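In my numbering, the protein residues as written are 670 to 896.
Just so you know, even glycine gets a beta-carbon here, dropped at the ideal spot from N, CA and C.
Predicted model, so just to flag it, every value in this text is computed and none were measured.
See the structure below:
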(Lines of atoms letter the chains of each structure in order from A and count residues from 1; the text may use other names and numbers.)
(Lines give C-alpha, C1' and ligand atoms only; values in the text may rest on other atoms or scores of the structure.)
Protein backbone atom coordinates (compact mmCIF):
# COMPACT_ATOMS: atom_id res chain seq x y z
CA UNK A 1 0.00 0.00 0.00
CA UNK A 2 1.20 3.51 -0.75
CA UNK A 3 1.58 6.18 1.91
CA UNK A 4 -1.25 8.57 2.79
CA UNK A 5 -0.08 11.41 0.53
CA UNK A 6 -0.12 9.28 -2.64
CA UNK A 7 -2.72 6.65 -1.73
CA UNK A 8 -4.97 5.83 -4.67
CA UNK A 9 -8.40 5.06 -3.22
CA UNK A 10 -11.62 3.94 -4.85
CA UNK A 11 -15.21 3.68 -3.58
CA UNK A 12 -18.10 1.72 -5.11
CA UNK A 13 -21.69 2.41 -4.07
CA UNK A 14 -24.38 0.21 -5.63
CA UNK A 15 -27.19 0.13 -3.08
CA UNK A 16 -29.45 2.39 -5.15
CA UNK A 17 -29.71 3.55 -8.74
CA UNK A 18 -27.79 5.12 -10.23
CA UNK A 19 -24.71 3.39 -8.85
CA UNK A 20 -21.76 5.69 -8.25
CA UNK A 21 -17.96 5.57 -8.08
CA UNK A 22 -15.39 7.88 -6.54
CA UNK A 23 -11.60 7.94 -6.58
CA UNK A 24 -9.10 10.05 -4.67
CA UNK A 25 -5.39 10.71 -4.55
CA UNK A 26 -3.37 13.51 -2.99
CA UNK A 27 -6.43 15.36 -1.66
CA UNK A 28 -8.16 15.39 -5.05
CA UNK A 29 -11.42 13.47 -5.52
CA UNK A 30 -13.46 12.68 -8.62
CA UNK A 31 -16.77 10.84 -8.90
CA UNK A 32 -18.92 9.30 -11.61
CA UNK A 33 -22.35 7.72 -11.95
CA UNK A 34 -23.57 4.78 -14.01
CA UNK A 35 -26.80 5.14 -15.91
CA UNK A 36 -29.81 3.32 -14.49
CA UNK A 37 -29.63 0.73 -17.22
CA UNK A 38 -25.98 -0.15 -16.53
CA UNK A 39 -25.68 -2.15 -13.34
CA UNK A 40 -23.50 -5.15 -14.16
CA UNK A 41 -19.80 -5.76 -13.57
CA UNK A 42 -19.18 -5.55 -17.34
CA UNK A 43 -20.40 -1.94 -17.20
CA UNK A 44 -18.76 -1.05 -13.91
CA UNK A 45 -15.18 -2.06 -14.67
CA UNK A 46 -14.67 0.22 -17.71
CA UNK A 47 -16.14 3.15 -15.77
CA UNK A 48 -13.82 2.68 -12.80
CA UNK A 49 -10.81 2.21 -15.10
CA UNK A 50 -11.63 5.54 -16.77
CA UNK A 51 -12.00 7.21 -13.38
CA UNK A 52 -8.63 5.93 -12.18
CA UNK A 53 -7.03 7.00 -15.47
CA UNK A 54 -7.93 10.59 -14.59
CA UNK A 55 -5.34 10.21 -11.80
CA UNK A 56 -2.88 8.54 -14.17
CA UNK A 57 -3.61 5.45 -12.10
CA UNK A 58 -4.29 1.78 -12.78
CA UNK A 59 -6.35 -0.71 -10.73
CA UNK A 60 -3.14 -2.54 -9.73
CA UNK A 61 -1.95 0.68 -8.00
CA UNK A 62 -4.94 0.84 -5.65
CA UNK A 63 -4.15 1.20 -1.97
CA UNK A 64 -7.74 1.23 -0.72
CA UNK A 65 -11.08 -0.04 -1.99
CA UNK A 66 -14.24 1.02 -0.14
CA UNK A 67 -17.59 -0.64 -0.83
CA UNK A 68 -21.09 0.26 0.31
CA UNK A 69 -22.71 -2.64 2.14
CA UNK A 70 -26.32 -1.50 1.80
CA UNK A 71 -29.05 -2.17 2.57
CA UNK A 72 -30.54 -1.73 -0.87
CA UNK A 73 -30.58 -3.32 -4.30
CA UNK A 74 -29.66 -7.01 -4.25
CA UNK A 75 -28.10 -6.83 -7.70
CA UNK A 76 -26.26 -3.59 -7.04
CA UNK A 77 -24.84 -4.80 -3.74
CA UNK A 78 -23.69 -8.12 -5.18
CA UNK A 79 -21.99 -6.50 -8.16
CA UNK A 80 -20.27 -3.82 -6.04
CA UNK A 81 -19.08 -6.30 -3.39
CA UNK A 82 -17.76 -8.81 -5.93
CA UNK A 83 -15.98 -6.08 -7.90
CA UNK A 84 -14.46 -4.55 -4.77
CA UNK A 85 -13.23 -7.93 -3.56
CA UNK A 86 -11.68 -8.74 -6.92
CA UNK A 87 -9.92 -5.38 -7.09
CA UNK A 88 -8.58 -5.67 -3.56
CA UNK A 89 -7.32 -9.23 -4.04
CA UNK A 90 -5.79 -8.37 -7.41
CA UNK A 91 -4.00 -5.21 -6.25
CA UNK A 92 -3.28 -6.01 -2.61
CA UNK A 93 -5.28 -2.95 -1.58
CA UNK A 94 -6.91 -2.62 1.82
CA UNK A 95 -10.63 -3.35 1.69
CA UNK A 96 -13.17 -1.47 3.82
CA UNK A 97 -16.92 -2.02 3.96
CA UNK A 98 -19.22 0.78 5.10
CA UNK A 99 -23.03 0.64 5.48
CA UNK A 100 -24.52 2.71 2.67
CA UNK A 101 -26.94 4.43 5.06
CA UNK A 102 -23.93 5.97 6.83
CA UNK A 103 -22.90 7.63 3.57
CA UNK A 104 -26.49 8.79 3.00
CA UNK A 105 -26.65 10.38 6.46
CA UNK A 106 -23.18 11.90 6.15
CA UNK A 107 -24.07 13.59 2.87
CA UNK A 108 -27.57 14.74 3.85
CA UNK A 109 -27.07 16.09 7.37
CA UNK A 110 -25.26 19.03 8.92
CA UNK A 111 -22.98 18.49 11.89
CA UNK A 112 -25.10 17.82 14.99
CA UNK A 113 -28.26 16.89 13.08
CA UNK A 114 -30.01 13.60 13.80
CA UNK A 115 -32.28 11.82 11.35
CA UNK A 116 -34.35 8.74 10.65
CA UNK A 117 -33.74 6.92 7.38
CA UNK A 118 -36.75 5.19 5.83
CA UNK A 119 -36.41 3.30 2.55
CA UNK A 120 -39.02 1.08 0.95
CA UNK A 121 -37.62 -2.47 1.12
CA UNK A 122 -40.61 -3.90 -0.76
CA UNK A 123 -42.33 -7.08 0.29
CA UNK A 124 -44.17 -5.22 3.06
CA UNK A 125 -41.01 -4.04 4.85
CA UNK A 126 -39.02 -0.85 5.24
CA UNK A 127 -35.35 -0.34 5.82
CA UNK A 128 -34.81 1.88 8.86
CA UNK A 129 -31.84 3.42 10.65
CA UNK A 130 -31.10 6.50 12.75
CA UNK A 131 -27.88 8.53 12.69
CA UNK A 132 -26.35 11.66 14.18
CA UNK A 133 -23.88 13.58 12.03
CA UNK A 134 -20.55 14.60 13.49
CA UNK A 135 -17.68 16.48 11.91
CA UNK A 136 -15.79 13.50 10.54
CA UNK A 137 -18.50 10.84 10.36
CA UNK A 138 -21.79 9.65 11.80
CA UNK A 139 -22.91 7.88 14.95
CA UNK A 140 -25.38 5.02 14.52
CA UNK A 141 -28.21 5.50 17.01
CA UNK A 142 -30.27 2.69 15.47
CA UNK A 143 -28.50 0.22 13.19
CA UNK A 144 -30.01 -0.62 9.79
CA UNK A 145 -32.89 -3.07 10.03
CA UNK A 146 -35.87 -4.30 8.01
CA UNK A 147 -39.12 -3.54 9.81
CA UNK A 148 -42.81 -4.10 9.27
CA UNK A 149 -44.78 -0.84 8.79
CA UNK A 150 -46.08 -0.71 12.37
CA UNK A 151 -42.57 -1.31 13.72
CA UNK A 152 -41.19 1.43 11.48
CA UNK A 153 -43.80 3.95 12.65
CA UNK A 154 -43.04 3.13 16.29
CA UNK A 155 -39.30 3.67 15.69
CA UNK A 156 -39.55 7.28 14.49
CA UNK A 157 -38.04 9.62 17.08
CA UNK A 158 -35.90 12.20 15.28
CA UNK A 159 -37.28 15.46 13.85
CA UNK A 160 -35.62 14.94 10.44
CA UNK A 161 -36.67 12.08 8.17
CA UNK A 162 -34.60 11.03 5.16
CA UNK A 163 -37.44 9.36 3.29
CA UNK A 164 -39.26 9.61 0.00
CA UNK A 165 -42.95 9.29 -0.81
CA UNK A 166 -42.66 5.57 -1.60
CA UNK A 167 -41.25 4.83 1.85
CA UNK A 168 -43.83 6.96 3.65
CA UNK A 169 -46.62 5.30 1.70
CA UNK A 170 -45.25 1.83 2.41
CA UNK A 171 -45.01 2.67 6.09
CA UNK A 172 -48.55 4.12 6.05
CA UNK A 173 -47.15 7.15 7.88
CA UNK A 174 -49.68 9.97 8.30
CA UNK A 175 -48.78 13.31 6.76
CA UNK A 176 -45.90 14.63 8.92
CA UNK A 177 -46.73 17.69 11.00
CA UNK A 178 -44.82 20.99 11.11
CA UNK A 179 -42.43 19.61 13.71
CA UNK A 180 -41.09 17.07 11.19
CA UNK A 181 -38.78 17.88 8.28
CA UNK A 182 -38.84 15.33 5.46
CA UNK A 183 -35.86 15.37 3.09
CA UNK A 184 -36.68 13.25 0.08
CA UNK A 185 -34.67 11.99 -2.86
CA UNK A 186 -31.57 11.22 -0.85
CA UNK A 187 -29.26 8.31 -1.57
CA UNK A 188 -25.75 7.25 -0.73
CA UNK A 189 -22.98 8.68 -2.91
CA UNK A 190 -19.58 7.10 -3.47
CA UNK A 191 -17.74 10.35 -2.61
CA UNK A 192 -19.23 10.35 0.91
CA UNK A 193 -18.60 6.61 1.18
CA UNK A 194 -14.96 7.19 0.29
CA UNK A 195 -14.55 9.81 3.01
CA UNK A 196 -16.01 7.46 5.62
CA UNK A 197 -13.92 4.56 4.35
CA UNK A 198 -10.68 6.51 4.68
CA UNK A 199 -11.63 7.48 8.25
CA UNK A 200 -12.58 3.88 9.09
CA UNK A 201 -9.31 2.56 7.69
CA UNK A 202 -7.33 5.01 9.84
CA UNK A 203 -9.33 4.18 12.99
CA UNK A 204 -9.92 0.43 12.64
CA UNK A 205 -7.87 -0.92 9.77
CA UNK A 206 -9.20 -3.00 6.86
CA UNK A 207 -12.41 -5.01 7.02
CA UNK A 208 -11.71 -8.77 7.26
CA UNK A 209 -12.80 -10.45 4.04
CA UNK A 210 -15.02 -12.90 5.93
CA UNK A 211 -16.84 -9.90 7.48
CA UNK A 212 -17.51 -8.19 4.17
CA UNK A 213 -21.16 -9.16 3.82
CA UNK A 214 -23.86 -6.98 2.19
CA UNK A 215 -26.66 -5.96 4.53
CA UNK A 216 -29.52 -7.78 2.85
CA UNK A 217 -31.47 -7.79 6.17
CA UNK A 218 -34.36 -9.81 4.79
CA UNK A 219 -34.77 -12.93 2.69
CA UNK A 220 -34.97 -12.57 -1.05
CA UNK A 221 -37.93 -14.05 -2.89
CA UNK A 222 -37.19 -14.37 -6.61
CA UNK A 223 -39.87 -13.47 -9.11
CA UNK A 224 -41.26 -16.40 -11.08
CA UNK A 225 -42.40 -15.48 -14.57
CA UNK A 226 -45.10 -17.60 -16.18
CA UNK A 227 -44.30 -18.98 -19.59
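A distance of 8 angstroms or more separates the beta carbons of residue 717 and residue 777.
The distance from the Cβ of residue 884 to that of residue 740 is about 5 angstroms, consistent with a contact at the 8 angstroms cut-off.
Annotated three-state conformation of residue 768 is coil, per DSSP. A direct Cα-Cα distance of roughly 30 angstroms separates residue 880 from residue 827. Cα atoms of residue 686 and residue 847: separation of roughly 30 angstroms, rounded to the nearest angstrom. Note that the C-beta distance between residue 693 and residue 734 is not below 8 angstroms. Judged by DSSP secondary structure, residue 819 falls within the alpha helix (DSSP H) whose first and last residues are 818-823. Burial check for residue 767: the Cβ neighbour count within 10 Å reaches 16 or more, so the residue is buried. Relative to residue 801, the option among 781, 752 and 872 whose CA is nearest is 781. For residue 837, the enclosing alpha helix (DSSP H) begins and ends at 834-839. Rounded to the nearest angstrom, the Cβ distance from residue 677 to residue 724 is 6 angstroms, consistent with a contact under 8 angstroms.
In the DSSP secondary-structure assignment, residue 698 is bridged to 693.
In this structure, residue 714 lies near residue 752, with their beta-carbon atoms less than 8 angstroms apart. Annotation: residue 819 to residue 811 spans about 16 angstroms, alpha carbon to alpha carbon. Beyond the five residues adjoining it in sequence on each side, residue 804 comes within less than 7 angstroms, by CB distance, of 780 in the same chain, given in chain order.
Per DSSP, the unbroken alpha helix (DSSP H) holding residue 748 starts and ends at 743-760. Annotated three-state conformation of residue 728 is helix, per DSSP. Judged by DSSP in its simplified three-state form, residue 875 adopts coil rather than helix or strand. Excluding the 5 residues flanking it on each side, residue 770 has same chain C-beta neighbours closer than 6 angstroms at 786, 798 and 813, in chain order.
Taking each of 744, 690 and 788 in turn and checking the Cα distance to residue 855, the smallest one comes out for 788.
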